[in-house]
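The structure under discussion appears below in the form of structure tokens.
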Amino acid sequence: MKKVQTPEEAVHHIHDGASIMVSGFMCCGQSLSLIDALIRRGTKGLTVICNDAGFPERGVGKLIVAGRVRKFIGSHMGTNHVAGQKMNSGEMEVELVPQGSLAERIRCGGAGLGGVLTPTGLGTDAETGKRKIDVDGRKYLLETPLHADFAFVKSSACDKLGNAFMAKSAKNFNLVMAMAAQHTILETEKLVEVGELDPDHVHLPGVFVDSIAFARRR
Amino acid sequence: MKKVQTPEEAVHHIHDGASIMVSGFMCCGQSLSLIDALIRRGTKGLTVICNDAGFPERGVGKLIVAGRVRKFIGSHMGTNHVAGQKMNSGEMEVELVPQGSLAERIRCGGAGLGGVLTPTGLGTDAETGKRKIDVDGRKYLLETPLHADFAFVKSSACDKLGNAFMAKSAKNFNLVMAMAAQHTILETEKLVEVGELDPDHVHLPGVFVDSIAFARRR
Amino acid sequence: MSGPPLSDEKQGKRERIAMRVARELPEGSLVNLGIGLPTLVANYLPQGKGILLQSENGFIGLGPEPPKSKADKDLVNAGGSPVTLVPGGCCFDSALSFSVIRGGHLDVTVLGGLEVDEDGNLANYLIPGKMVAGMGGAMDLVTGAKKVIVAMEHVNKFGQPKIVKRCALPLTAREEVDIVVTDLAFIRVTHSGLLLEEIAEDTTVEEVIEKTAAKLTVLPKLKEF
Amino acid sequence: MSGPPLSDEKQGKRERIAMRVARELPEGSLVNLGIGLPTLVANYLPQGKGILLQSENGFIGLGPEPPKSKADKDLVNAGGSPVTLVPGGCCFDSALSFSVIRGGHLDVTVLGGLEVDEDGNLANYLIPGKMVAGMGGAMDLVTGAKKVIVAMEHVNKFGQPKIVKRCALPLTAREEVDIVVTDLAFIRVTHSGLLLEEIAEDTTVEEVIEKTAAKLTVLPKLKEF
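Protein chains in written order, with our numbering: chain V, 2 to 219; chain A, 2 to 219; chain D, 1051 to 1275; chain R, 1051 to 1275.
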């Protein structure tokens, strides 16, 4: 059984300077309550790995607006003008990664791989600092693993072992991030008893989850 | 809508010398009826990529016993003594790949990756012929993509677009193989109308499927 | 993602581009439509052709926007707006979504552009010092899709050509663009450069050439759209 | 996978190994049990400790063998035999299964061995010219799991030591073994070699040393099991 906590309890041990993977795509499938609890806690100097910088007033974007993010690694920040400002002012370091490569890099971190080879980004600025490797006469970029101290992931429903189900497009980065972090906190809208989820409908095995935070659907 | 055929019709265009990925793990989740149809058709000189050589009298193992397999790429053949004999006699070429690396190599083929780096096999015979690449001071083997002309995959149920559901441990290599082949044939125990499968319960998107063969559960 | 309301003329141009792009989508194809102009293509999909739309945030079978009362926060498009699923749709995580895109399973990607050049290079994700949106899934889409269609207005808001000899902005991908559809022209990228195959019914070859900063080869039997 | 029936004595030895291995499994751990002897460990799992078994063919929550009438052809273990799922189990494909194994999410892997040596090298998948089974998932398991326990008889069927100075057979993995449990001994692989920590209640240190072809350091306060 995994610890079931409030969002406040679940983020209590997150230290300044921690790296956190935050699932979600434009806030869909994002652990909004964990983020809000972390903002209230005041934790700062974070490295945040998230698909996008979201919106200034919601989800991961609020962490950026509140000045808690030292470095942002993601694929897109066009919907959060504050993120762009903080990047231009030098207040926040930004590493832009093509979305597919971002997913693979996180997956590498969780799956024990040392990297993957992809043609995405060849001949673009995304090449910068990356090794090029030839396989069978084709050139690829070597994309290396991403890891983090914590992952904030989100489910529509989970059981007390952390086995989780994500409705529709709320899946996105949840599985790969839960695998790639040292400590994964699962925010869930619904908590059921062990045995209630169909084993064939589990999108995220509970073995990747360290603690569960219950928070209403929002 | 995908073509729905008999197993015989579905394998009719498979030529001598073709490469075929066959899903299944000790025959569980394996397209037994497609294999039987291919044996009846007489196709030979095949390269077969499958987790294991199965059993002499069932599934992929029958293809080996019938002498149709020129080259076998898999992780295990201990349950099919004929496979071992054919390897030792030189009648069948065998490439043994660690099971996790096999899954990743097939996934690479389907996901457009040029390879993955893994520590599995380092310092063993599985290194033979593989490049070693250092990342952050750690050594890895470069495992390169596997592709095939055809994939034989198997579902418990699918709709007429090929969206498929695999019960319990019958999932195994189905998804990655369906992605990695030029032409994927899905054998299914049950065929439902489009819209009958819950979009959150689909294990294999129909976009990876080229044709469907209906065959009773066995 | 919605900006200020567009003038009727501007909206008309965008609809024309979308209509022409829609005609390029093969029967039974899997298509990804980018945010903005490309999204309009969904309104003109040929019926009964079994075309499926993929959304890179994690599903196949993108359907129309729902009425507000039916919006589901767990079902949004890549722009974050509520959408629906068509029957036969299915959902998956980002790793599988980009395996679809990067593994060659996507037949067509339609996306906007800032610049396209004679070699089929595309720039559409960054204006240094100004727009810092990021590439999102664009680099993956353009590199992975079998066919890349850029759908954009022929000139930018300053009236300057967006089809140029050589992209000046940071590239999204090199030599991947197959077709450019604008309010004025349908242009194919070939090994020997840009081929003007069709022009809009209310323009002339001269206008297209004047508003293009790249060499255009004009197809002898030029069609109109 | 079932061979000829075993003698009572031989079966007793195997059960003893399984019992001792079971005591090594931490509370709440995720464990993979190999085919053959390691499978017996499932019969001795400590109750109420929340230990979950993983099966590399694609699930977590491996339960006992069902009665024949309840066997489900879609639910087998890595040896192809019918099994059950415990409540809270979940199923997945091979790519995710090996991400669990190779990504460091598996706490313990228990598997058989042909040879283990002083450096913690393991050979267990191939006897050139004889056994051509293949490595299956063994290389991944041994390389990926946090703790590797080899469960095997102390000597082979010819009475020869299986714990040796240097493996002669092709390796499954280099320097990955943590613990060896045999019918005679519990041996830990340390940076300074093999440490004999426990012996079976019906043997002596002398017998263990005699039947081991590697250097053993004997723990001063040797325990029995």
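Glycine included, C-beta positions come from ideal geometry on N, C-alpha and C.
| Item | Value |
| --- | --- |
| Only counting runs of 3 or more residues, tell me where the beta strand (DSSP E) segments fall wholly within the segment 1198-1271 of chain R, in order along the chain. | 1229-1231, 1235-1240 and 1243-1249 |
| Can a CB atom of chain D be found closer than 8 Å to the CB of A:M22? | no |
| A:H82: which of A:C51, A:L118 and A:G55 sits nearest, CA to CA? | A:G55 |
| Just to make sure I have the definition right: I need the residues of chain A whose C-beta is within less than 7 Å of the C-beta of R:K1123. Which are they? | C29 |
| With R:V1200 and R:V1230 assumed to form a contact (beta carbons below 8 Å), what rounded beta-carbon distance in angstroms separates them? | 5 Å |
| I'd like to know if A:V95 contacts chain D, where contact means its C-beta is closer than 8 Å to some C-beta of that chain. | no |
| So V:P206 is in the beta strand (DSSP E); what residue range does that whole segment cover? | Element bounds for V:P206: n/a, residue is neither H nor E. |
| Which of the three DSSP states is assigned to D:S1119 in this structure? | helix |
| What separation, rounded to the nearest whole angstrom, lies between the Cα atoms of V:A168 and D:K1123? | 10 Å |
| DSSP state of A:T119, grouped into three classes? | strand |
| From this set, R:V1166, R:E1106 and R:A1121, which residue's C-alpha is nearest R:V1158's C-alpha? | R:E1106 |
| From the DSSP output, in three-state form, read off R:S1147 for me. | helix |
| Which of the residues in the segment 1240-1258 of chain R, read from start to end, lie with their CB under 8 Å from any CB of chain A? | none |
| Spatial neighbours of D:G1108 within its chain, please: CB distance less than 7 Å, with the 5 preceding and 5 following residues excluded, ordered by chain position. | C1141, F1142, D1143, S1144 and S1147 |
| Which residues of chain A have a Cβ atom closer than 7 Å to the Cβ of D:S1149, listed in chain order? | G111, A112 and M180 |
| With 8 Å as the C-beta to C-beta threshold (strictly closer), list the residues of the segment 1080-1093 of chain R near chain V in chain order. | L1080 |
| With 16 other CB atoms within 10 Å as the buried threshold, where does A:D211 fall? | buried |
| Just grab the DSSP bridge partners of R:Q1104 for me. | R:N1082 and R:I1110 |
| Determine the chain A residues that contact V:P200 at a beta-carbon separation under 9 Å, and present them in chain order. | K169 |
| Among the residues of its own chain, which have a CB less than 7 Å from the CB of D:S1052, if the five just before and after it don't count? | Unreliable positioning characterises D:S1052 in this predicted model, as indicated by a pLDDT of 47, which lies under 50. The coordinate reading is nonetheless provided below. Here the set comprises nothing. |
| Taking 8 Å as the limit between beta carbons, can you name the residues of its chain near A:A158, skipping five residues before and five after? | A165, F166, T189, E190, K191, L192, V193 and L198 |
| As a quick exercise: from D:F1275, D:G1243, D:K1120 and D:V1150, pick the residue whose alpha carbon is nearest that of D:A1264. | D:G1243 |
| Starting from V:S20, trace the beta strand (DSSP E) in both directions and tell me its first and last residue. | S20 to V23 |
| In terms of residue numbering, what span does the alpha helix (DSSP H) encompassing V:C109 cover? | Q100 to A112 |
| Below 7 Å CB to CB, which residues in the same chain sit around D:A1121 once its five sequence neighbours on both sides are set aside? | P1132 |
| Taking the alpha-carbon positions, what's the D:K1137 to A:K63 distance? | One detail in the question is off: residue 1137 of chain D reads as Pro in this sequence, not Lys. The alpha-carbon atoms of D:P1137 and A:K63 are separated by roughly 39 Å. |
| Whose CA, out of D:A1195, D:L1176, D:P1088 and D:K1118, lies closest to the CA of D:S1149? | D:A1195 |
| Buried or exposed: where does R:G1060 fall if 16 or more other Cβ atoms within 10 Å of its Cβ makes it buried? | In the sequence on display, residue 1060 of chain R carries Lys and not Gly. Label assigned to R:K1060: exposed. |
| With DSSP as the reference, label A:Q183 as helix, strand or coil. | strand |
| Give the secondary structure of D:Q1061 by DSSP, where H, G and I count as helix, E and B as strand, and everything else as coil. | helix |
| Would you say R:M1051 lies against chain V (beta-carbon separation less than 8 Å)? | With a pLDDT of 42 at R:M1051, under the threshold of 50, the predicted position of this residue should be treated as unreliable, and no value is reported. |
| Starting from V:P8, trace the beta strand (DSSP E) both ways and give me its first and last residue. | No beta strand (DSSP E) holds V:P8; the alpha helix (DSSP H) holding it covers P8 to V12. |
| Does the distance from the C-beta atom of R:P1096 to that of R:A1068 stay below 8 Å? | no |
| Does the distance from the C-beta atom of D:V1182 to that of V:M27 stay below 8 Å? | no |
| Would A:D150 pass as a contact of A:Q183 if the rule is Cβ separation under 8 Å? | yes |
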